[in-house]
Amino acid sequence: MKKYTMWAVLPLWVYGGTMFGFFLVAKLLELIANLGVSFQGVNENVLQLVFQAVSYVGALLVVIGMPYLFFRGKINKELFGLKGKMKWKYPLIAVGGFGVYYIISIFLTLLMTLINPDFDISQAQDVGFESLASSSDYVLAFLALVVIAPIVEEIIFRGFLFGVLKKNYRFWVAAILTNLTFAIAHGAWNVGVDTFALSLVLCYLRYNYDSIYPAIFLHMVKNGMAYLLLFIIKPF
-16 MKKYTMWAVL
-6 PLWVYGGTMF
4 GFFLVAKLLE
14 LIANLGVSFQ
24 GVNENVLQLV
34 FQAVSYVGAL
44 LVVIGMPYLF
54 FRGKINKELF
64 GLKGKMKWKY
74 PLIAVGGFGV
84 YYIISIFLTL
94 LMTLINPDFD
104 ISQAQDVGFE
114 SLASSSDYVL
124 AFLALVVIAP
134 IVEEIIFRGF
144 LFGVLKKNYR
154 FWVAAILTNL
164 TFAIAHGAWN
174 VGVDTFALSL
184 VLCYLRYNYD
194 SIYPAIFLHM
204 VKNGMAYLLL
214 FIIKPF
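Residues -16 to 219 (our numbering) make up the sequence shown, in order.
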């Protein structure tokens, strides 16, 4: 792919491929249901976890699997920032990164409200798991939102997308393109602004430490805080 087209084509591929992966799994489940397979009696949170996990696998196969078939020699652990060993300092770096992200998120949100007074900061993101009744339900939601989602999203966005872009463009170009793609993939405007701020710090960690692990830990911390607010503390 030429450098002068990669800045547009690659983000579109990652966004479209991720959405297409989820779409394929949804259609597969719909086909299974139309064939007469009943999911009645199955815990809806188990179904939600399975759907999310399989959807992420579908997204990985489309976004990364297909390019791997054509560029096998260029798609490796180094590209994704998966080389090297896990270091004890990465979780501590993630905690510090969370503070930086939170400040940036507040600033961008305030800026958006000044630019657009109708900007709705209270619009909620649909994360599923609407009815948690037992301890196992909470564990399932935790696995889906705090473990699976951060790992897979980091592999796709800060691993593959940012990994390829940073080899061809300066840091800020690669970061902004990654941030915008990541934000748009999360839908609602207020969620997009927040995830843009998060992605900015995630890209910096990925770039500065030449590893995806600090970004994964920060993403887990952020989603863990959201999990606490949505399902445990419930302040609103």
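C-beta atoms are modelled at their ideal positions from N, C-alpha and C, and glycine is treated no differently.
Just verifying my parser: in three-state terms, what is the DSSP assignment at residue i?
i, result
"ILE104", "coil"
"ILE159", "helix"
"LEU97", "helix"
"HIS169", "coil"
"ASN225", "Here the chain comprises residues numbered -16 to 219, so residue 225 is not present and cannot be evaluated."
"LYS70", "coil"
"ARG55", "coil"
"GLY24", "coil"
"ALA16", "helix"
"PHE112", "coil"
"ILE195", "coil"
"GLY64", "coil"
"SER119", "helix"
On the CB-based measure, 16 or more other CB atoms within 10 Å of its CB, does residue i come out buried or exposed?
i, result
"ARG55", "exposed"
"ILE175", "The sequence shown places Gly at residue 175, not Ile. By the 10 Å Cβ count, GLY175 comes out buried."
"SER21", "exposed"
"ASN173", "buried"
"GLN35", "buried"
"ILE86", "exposed"
"GLY80", "buried"
"LEU14", "exposed"
"SER88", "buried"
"ILE47", "buried"
Roughly how many angstroms separate the alpha carbons of residue i and residue j, rounded to a whole number?
i, j, result
"GLY0", "LEU12", "18 Å"
"ALA168", "GLY19", "33 Å"
"THR92", "TYR187", "20 Å"
"ALA42", "ILE134", "13 Å"
"ILE215", "MET208", "10 Å"
"VAL(-3)", "ALA116", "36 Å"
"LEU90", "ALA198", "Residue identity check: residue 90 is Phe in the sequence provided, not Leu. Rounded to whole angstroms, PHE90 to ALA198 spans 21 Å at the Cα level."
"LEU213", "ASP103", "18 Å"
"PRO50", "ASP177", "30 Å"
"LYS(-14)", "PRO(-6)", "13 Å"
"SER118", "VAL110", "18 Å"
"LEU148", "ASN162", "12 Å"
"ALA132", "THR96", "29 Å"
"PHE53", "LYS60", "16 Å"
"GLN23", "ASP120", "17 Å"
Is it true that the CB of residue j sits closer than 7 Å to the CB of residue i?
i, j, result
"TYR84", "ALA180", "yes"
"LYS171", "GLN106", "According to the sequence shown, residue 171 is Ala rather than Lys. Cβ atoms of ALA171 and GLN106: closer than 7 Å."
"PHE154", "ARG189", "no"
"ASN231", "MET(-11)", "The structure shown does not extend to residue 231, since the chain is modelled only from -16 to 219, so the question has no answer here."
"GLU137", "ILE195", "yes"
"VAL129", "TYR210", "yes"
"PHE3", "VAL45", "yes"
"VAL37", "VAL8", "yes"
Can a CB atom of chain C be found closer than 7 Å to the CB of residue i?
i, result
"LEU211", "No chain C appears in this structure, which consists of one protein chain only."
Below 8 Å, how does it come out for the stretch 112 to 125 and the stretch 26 to 44: are there three or more Cβ pairs, yes or no? yes
For the stretch 132 to 143 and the stretch 61 to 72, state whether three or more C-beta atom pairs, one from each stretch, are separated by less than 8 Å. yes
Okay, do the stretch 196 to 204 and the stretch 71 to 79 touch, 3+ Cβ pairs below 8 Å being the bar? yes
So, does the stretch 183 to 191 touch the stretch 156 to 166, judging by three or more C-beta pairs under 8 Å? yes
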